[in-house]
Amino acid sequence: MSVEPENVPQIKALAEAGCRAARDQPGTLTYDWHYSDERRSLVVLEIYADSAAHIAHMQAEGHGEMMGSLMALIGSIEFYVLGEPTAEHAAMLSAVPGAQFYSELATK
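If you use our numbering, the sequence shown corresponds to residues 3 to 110, in order.
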(Lines of atoms letter the chains of each structure in order from A and count residues from 1; the text may use other names and numbers.)
(Lines give C-alpha, C1' and ligand atoms only; values in the text may rest on other atoms or scores of the structure.)
Protein backbone atom coordinates (compact mmCIF):
# COMPACT_ATOMS: atom_id res chain seq x y z
CA MET A 1 0.00 0.00 0.00
CA SER A 2 1.47 3.35 -0.91
CA VAL A 3 1.30 6.00 1.79
CA GLU A 4 1.48 9.78 1.76
CA PRO A 5 3.75 11.10 4.55
CA GLU A 6 1.01 13.12 6.26
CA ASN A 7 -1.08 9.96 6.68
CA VAL A 8 1.64 7.80 8.26
CA PRO A 9 0.65 8.29 11.94
CA GLN A 10 -3.00 7.42 11.28
CA ILE A 11 -2.10 4.45 9.09
CA LYS A 12 0.33 3.04 11.66
CA ALA A 13 -2.33 3.35 14.36
CA LEU A 14 -4.92 1.58 12.17
CA ALA A 15 -2.44 -1.16 11.25
CA GLU A 16 -1.52 -1.82 14.86
CA ALA A 17 -5.15 -1.87 16.03
CA GLY A 18 -6.14 -4.18 13.18
CA CYS A 19 -3.27 -6.56 13.89
CA ARG A 20 -4.05 -6.72 17.61
CA ALA A 21 -7.67 -7.66 16.86
CA ALA A 22 -6.85 -10.15 14.10
CA ARG A 23 -4.14 -12.03 15.99
CA ASP A 24 -6.73 -13.30 18.49
CA GLN A 25 -9.17 -14.57 15.87
CA PRO A 26 -9.47 -18.36 15.49
CA GLY A 27 -7.56 -19.67 12.48
CA THR A 28 -5.24 -16.65 12.20
CA LEU A 29 -1.71 -18.04 11.92
CA THR A 30 0.15 -14.78 11.18
CA TYR A 31 -0.97 -11.16 11.11
CA ASP A 32 1.82 -8.56 11.09
CA TRP A 33 2.64 -5.25 9.45
CA HIS A 34 5.74 -3.30 8.42
CA TYR A 35 6.03 0.32 7.31
CA SER A 36 8.96 1.47 5.16
CA ASP A 37 9.79 5.19 5.32
CA GLU A 38 12.13 4.79 2.35
CA ARG A 39 9.46 3.27 0.11
CA ARG A 40 6.51 5.05 1.75
CA SER A 41 4.69 1.75 1.85
CA LEU A 42 2.83 -0.45 4.30
CA VAL A 43 2.94 -4.23 4.01
CA VAL A 44 0.48 -6.40 5.92
CA LEU A 45 1.12 -10.14 6.03
CA GLU A 46 -1.93 -12.28 6.79
CA ILE A 47 -1.83 -16.09 6.94
CA TYR A 48 -4.91 -18.13 7.80
CA ALA A 49 -5.49 -21.82 8.48
CA ASP A 50 -8.12 -21.95 5.74
CA SER A 51 -10.69 -19.95 3.78
CA ALA A 52 -13.21 -20.13 6.62
CA ALA A 53 -10.79 -18.38 8.98
CA HIS A 54 -10.20 -15.53 6.53
CA ILE A 55 -13.91 -15.18 5.79
CA ALA A 56 -14.56 -14.92 9.54
CA HIS A 57 -11.85 -12.24 9.76
CA MET A 58 -13.40 -10.26 6.91
CA GLN A 59 -16.83 -10.49 8.58
CA ALA A 60 -15.58 -9.63 12.08
CA GLU A 61 -17.10 -6.67 13.88
CA GLY A 62 -15.28 -3.46 12.99
CA HIS A 63 -13.33 -4.91 10.04
CA GLY A 64 -15.33 -3.07 7.38
CA GLU A 65 -15.03 0.26 9.19
CA MET A 66 -11.29 -0.19 9.73
CA MET A 67 -10.73 -1.10 6.08
CA GLY A 68 -12.81 1.89 4.97
CA SER A 69 -10.67 4.20 7.11
CA LEU A 70 -7.47 2.64 5.80
CA MET A 71 -8.55 2.78 2.15
CA ALA A 72 -9.38 6.49 2.54
CA LEU A 73 -5.78 7.16 3.61
CA ILE A 74 -3.71 5.06 1.22
CA GLY A 75 -2.71 5.87 -2.33
CA SER A 76 -2.93 2.38 -3.80
CA ILE A 77 -3.14 -1.28 -2.81
CA GLU A 78 -1.67 -4.52 -4.05
CA PHE A 79 -3.42 -7.56 -2.62
CA TYR A 80 -1.94 -11.01 -3.26
CA VAL A 81 -3.88 -14.19 -2.54
CA LEU A 82 -1.62 -17.24 -2.40
CA GLY A 83 -3.28 -20.63 -2.42
CA GLU A 84 -6.66 -21.99 -3.42
CA PRO A 85 -9.57 -20.14 -1.80
CA THR A 86 -13.03 -21.67 -1.78
CA ALA A 87 -15.51 -20.27 -4.31
CA GLU A 88 -17.21 -18.16 -1.61
CA HIS A 89 -13.85 -16.85 -0.40
CA ALA A 90 -12.64 -16.08 -3.94
CA ALA A 91 -15.83 -14.12 -4.65
CA MET A 92 -15.32 -12.01 -1.52
CA LEU A 93 -11.65 -11.41 -2.30
CA SER A 94 -12.38 -10.46 -5.91
CA ALA A 95 -14.25 -7.42 -4.60
CA VAL A 96 -11.01 -6.06 -3.09
CA PRO A 97 -9.39 -3.51 -5.43
CA GLY A 98 -6.05 -4.79 -6.67
CA ALA A 99 -6.61 -8.46 -5.70
CA GLN A 100 -4.33 -10.87 -7.57
CA PHE A 101 -4.64 -14.66 -7.26
CA TYR A 102 -1.76 -17.16 -7.31
CA SER A 103 -3.26 -20.62 -6.83
CA GLU A 104 -0.08 -22.26 -8.16
CA LEU A 105 1.58 -21.23 -4.89
CA ALA A 106 -0.81 -23.34 -2.82
CA THR A 107 0.81 -25.68 -0.35
CA LYS A 108 0.02 -29.33 -0.89
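Where is the CB? At the ideal position from N, CA and C, for every residue including glycine.
Source: prediction; values computed, not measured.
In the DSSP assignment, the alpha helix (DSSP H) including ILE13 goes from what residue to what residue? 10–25
Return the bridge partner residues of ILE54 from the DSSP annotation. One detail in the question is off: residue 54 reads as Ala in this sequence, not Ile. BP columns for ALA54 are empty, so no partner.
Is it true that the CB of LEU16 sits closer than 8 Å to the CB of LEU72? yes
For ASP34, write down the residues that DSSP places opposite it in a beta bridge. LEU47
Measure the C-alpha to C-alpha separation of VAL46 and GLU90 and round it to an integer number of angstroms. 23 Å
Could you check where the alpha helix (DSSP H) with SER71 kicks off and where it finishes? 65–75
Tell me, please, whether the region 82–99 touches the region 18–33 by the rule of three or more beta-carbon pairs shorter than 8 Å. no
So, using beta-carbon positions, are PHE81 and GLN102 closer together than 8 Å? yes
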